[in-house]
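For reference, the structure is listed below as structure tokens.
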Amino acid sequence: MDAALERQAESRPHPWRRGPLLAAACASMLVFGSVMALLGALLPELAPRLGFGLGQSGRLFLVMNAAMLAASLAAGSAIDRAGFRLPLALGSLLVAGAMALVAAASTYGNLIPAMLLLGLGGGALNAASNTLTADLHPEERRKNAALNLLGVFFGFGALLVPLLVGALVDTAGVRPLLAGASAVCLALAAGCALLRYPQPKAAGQAPAAGFARLLTNPLVPVLGLLLMLQSGNEFLLGGFISTFLVSATGMSVAAASFSLTSFWAAILIARLLWGRLLLAVDGRTLICACAGASAAAGILLAAAPSQGVAAAAVPLLGFAASGIFPTALGLAGARFAKQSGSVIGLLLAMALVGGMTVPWMAGQAGEAWGVRATMSFAPAGFAVILALAAAAGRIVRQPDPAR
Numbered sequence: 009m010d011a012a013l014e015r016q017a018e019s020r021p022h023p024w025r026r027g028p029l030l031a032a033a034c035a036s037m038l039v040f041g042s043v044m045a046l047l048g049a050l051l052p053e054l055a056p057r058l059g060f061g062l063g064q065s066g067r068l069f070l071v072m073n074a075a076m077l078a079a080s081l082a083a084g085s086a087i088d089r090a091g092f093r094l095p096l097a098l099g100s101l102l103v104a105g106a107m108a109l110v111a112a113a114s115t116y117g118n119l120i121p122a123m124l125l126l127g128l129g130g131g132a133l134n135a136a137s138n139t140l141t142a143d144l145h146p147e148e149r150r151k152n153a154a155l156n157l158l159g160v161f162f163g164f165g166a167l168l169v170p171l172l173v174g175a176l177v178d179t180a181g182v183r184p185l186l187a188g189a190s191a192v193c194l195a196l197a198a199g200c201a202l203l204r205y206p207q208p209k210a211a212g213q214a215p216a217a218g219f220a221r222l223l224t225n226p227l228v229p230v231l232g233l234l235l236m237l238q239s240g241n242e243f244l245l246g247g248f249i250s251t252f253l254v255s256a257t258g259m260s261v262a263a264a265s266f267s268l269t270s271f272w273a274a275i276l277i278a279r280l281l282w283g284r285l286l287l288a289v290d291g292r293t294l295i296c297a298c299a300g301a302s303a304a305a306g307i308l309l310a311a312a313p314s315q316g317v318a319a320a321a322v323p324l325l326g327f328a329a330s331g332i333f334p335t336a337l338g339l340a341g342a343r344f345a346k347q348s349g350s351v352i353g354l355l356l357a358m359a360l361v362g363g364m365t366v367p368w369m370a371g372q373a374g375e376a377w378g379v380r381a382t383m384s385f386a387p388a389g390f391a392v393i394l395a396l397a398a399a400a401g402r403i404v405r406q407p408d409p410a411r
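Numbered according to our numbering, the sequence shown spans residues 9 to 411.
Quick look at the structure:
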């Protein structure tokens with residue numbers, strides 16, 4: 009039935025075109041991947057140059073993620089009520105400004121407004137690109153597959169940043185990279201502003217009413233907690249892998265940046281695989297398998313006795329963790345298709361509570377007990393995600409009275 013409805017929807021004439029919209033979503037997700045990787049890749053260069061430690065690094069993540077939380081809620085509600093143009097275009101402009109501020113930073117204090125803009129812009133792009141992709145694929149398995157393929161562009165953006173930092177940090181420095189990335193974001197903002205988009209689904213609806221209805225469904229808080237832990241782990245790993253490898257194993261900054269690249273490369277490759285596999289495999293099964301494998305790989309990394317073991321564990325962890333976040337969003341988007349912007353924005357905001365707190369707590373643990381304590385947060389989080397995924401599967405199998 010859902011597949012038939014999708015074919016009917018695709019056959020109707022629209023004032024908008026699917027191809028350019030998917031291209032805009034993919035480009036926006038590529039920029040968001042760069043946002044996610046930027047601070048973690050730059051920390052080994054910024055921290056000694058500007059004179060700050062792990063605790064202050066954690067506060068930068070806190071500021072960025074607090075801004076992302078606010079932007080996710082605002083963008084998700086705005087999408088349902090007013091459409092996609094503003095979140096996509098404005099989000100790109102804010103990221104461009106943030107990268108220019110990071111390039112010009114001469115003190116730790118200069119990084120605070122940069123992280124604020126980076127979070128606001130990244131949060132808007134994340135909510136808008138995920139919701140747009142979900143709305144263009146009504147059937148659940150196609151939605152799950154499409155969101156994982158969208159995640160390939162996230163991985164590609166996150167892959168490019170540490171790769172380029174590793175290549176430029178000892179020669180030209182990072183400022184040319186940031187200037188070029190800012191120019192790309194400005195071009196994306198112009199392109200997104202010119203596109204035509206689907207009509208909003210809930211024009212005139214009060215934002216709070218939509219969020220209140222969603223929170224009464226037990227699936228939303230379970231998926232929210234799952235994504236809270238997953239987001240916290242992704243920010244933790246993307247932000248502290250380079251620092252962990254330098255401090256715990258003695259790698260050079262350049263080698264650690266290339267190792268971080270393998271983490272994002274593994275995410276990219278795995279999501280290509282999940283994008284095909286999820287056309288035939290239930291999304292809940294994939295989430296459980298990814299969570300269990302991630303817990304094992306996280307233990308291997310946190311306890312790694314040598315550079316070789318740590319370098320091998322990094323891509324294993326990226327591959328295993330890659331399928332959790334987009335597949336969980338796909339399940340929510342399919343369950344709440346008429347409020348896709350609000351539910352995805354709400355879940356992203358809940359996820360970013362984890363993105364705000366887990367790296368901060370891990371940074372404080374690192375200050376007190378060393379960087380291995382920081383990295384040990386990840387496998388514990390993945391074990392809880394496994395339990396939550398099983399609970400979400402039981403809820404989804406129950407009839408939904410709203411449908």
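Every residue, glycine too, gets a C-beta built ideally from N, C-alpha and C.
Select from the options the residue whose C-alpha is nearest the C-alpha of residue i.
i	options	result
Val351	Pro387, Leu223, Gly374 and Val361	Leu223
Leu168	Ala376, Leu62, Leu186 and Leu155	Leu186
Leu109	Ala122, Leu337 and Lys346	Ala122
Ser330	Ser265, Trp272 and Leu81	Trp272
Val366	Arg25, Gln238, Leu253 and Ala33	Gln238
Ala161	Ala198, Pro56 and Ala33	Position check: residue 161 holds Phe in this sequence, whereas Ala was assumed. Closest by alpha carbon: Ala33.
Gly163	Gly188, Ala278, Ala142 and Val103	Ala278
Ile249	Pro170, Leu356, Leu70 and Ala154	Pro170
Ser100	Leu125, Ile120 and Gly283	Leu125
Ile87	Ala111, Thr139 and Ala75	Thr139
Leu234	Ala397, Pro28 and Phe92	Ala397
Leu253	Arg25, Leu51 and Val289	Leu51
Ala136	Gly91, Pro313 and Ala112	Gly91
Ala376	Gly240, Leu68, Ala31 and Leu62	Leu62
Gln207	Gly349, Ala395 and Gly362	Gly349
Leu81	Ala357, Ala111, Leu98 and Glu148	Ala357
Leu144	Gly300, Arg25 and Leu276	Arg25
Gly117	Leu268, Gly59, Ala263 and Gly363	Gly59
Ala381	Ala312, Tyr205 and Ala399	Ala312
Ala113	Ala55, Leu102, Ala78 and Glu147	Ala55
Arg221	Arg67, Lys346 and Ala328	Lys346
Leu30	Gly232, Ala154 and Glu148	Ala154
Leu268	Gly232, Leu281, Thr293 and Glu242	Glu242
Gly353	Asp178, Ser190 and Gly232	Gly232
Asn225	Ala340, Ser255, Arg292 and Val182	Ala340
Ala198	Ala35, Gln372, Leu77 and Ala391	Ala35
Leu77	Ala310, Gly127, Ala104 and Ala111	Gly127
Ala395	Ala75, Ile332 and Gln372	Ile332
Taking a contact to mean a Cβ-Cβ separation below 9 Å, would you say residue i touches residue j in this structure?
i	j	result
Ile295	Thr335	yes
Met107	Cys193	yes
Leu158	Ala132	no
Met44	Gly129	no
Ser42	Thr251	no
Pro387	Ala320	no
Leu285	Phe385	no
Val261	Glu53	yes
Gln315	Met259	yes
Leu203	Pro323	no
Gly246	Gly48	yes
Trp368	Leu70	yes
Val39	Leu196	yes
Met236	Ala370	no
Ala288	Ala328	no
Leu119	Leu172	no
Ala265	Gly174	Here residue 265 is Ser; the residue named in the question, Ala, does not match the sequence. Closer than 9 Å, so yes.
What residue range is occupied by the uninterrupted alpha helix (DSSP H) comprising residue i?
i	result
Tyr116	Tyr116 to Asp143
Pro52	Arg26 to Leu58
Phe344	Note, Phe344: premise wrong, no alpha helix (DSSP H); not H, not E.
Phe252	Leu227 to Thr257
Lys209	Where Lys209 is concerned, there is no enclosing alpha helix (DSSP H), given that its DSSP letter is neither H nor E.
Glu148	Glu148 to Leu176
Val317	Gln315 to Ala329
Val182	Counting along the chain, Val182 falls outside any alpha helix (DSSP H), and DSSP gives it neither H nor E.
Phe385	Phe385 to Val404
Leu309	Gly291 to Ala310
Phe69	Leu62 to Ala90
Ser265	Val261 to Leu285
Gly105	Arg93 to Ala112
Is any non-hydrogen atom of the ligand FMN found closer than 8 Å to the C-beta of residue i, if you look at the structure I gave you?
i	result
Val182	With respect to the ligand FMN, the structure offers nothing, as it holds no ligand at all.
Write down the C-beta distance between residue i and residue j rounded to the nearest angstrom, noting that I regard them as a contact closer than 8 Å.
i	j	result
Leu227	Arg150	Wrong, their Cβ atoms sit about 20 Å apart, outside the cutoff.
Gly338	Ala142	7 Å
Gly283	Asn134	No, Gly283 and Asn134 are not in contact; Cβ-Cβ is about 18 Å, not under 8 Å.
Gly362	Gly240	3 Å
Ala391	Val230	Rounded, the Cβ-Cβ distance is 16 Å, inconsistent with contact.
Ala297	Thr257	About 29 Å; that fails the 8 Å criterion.
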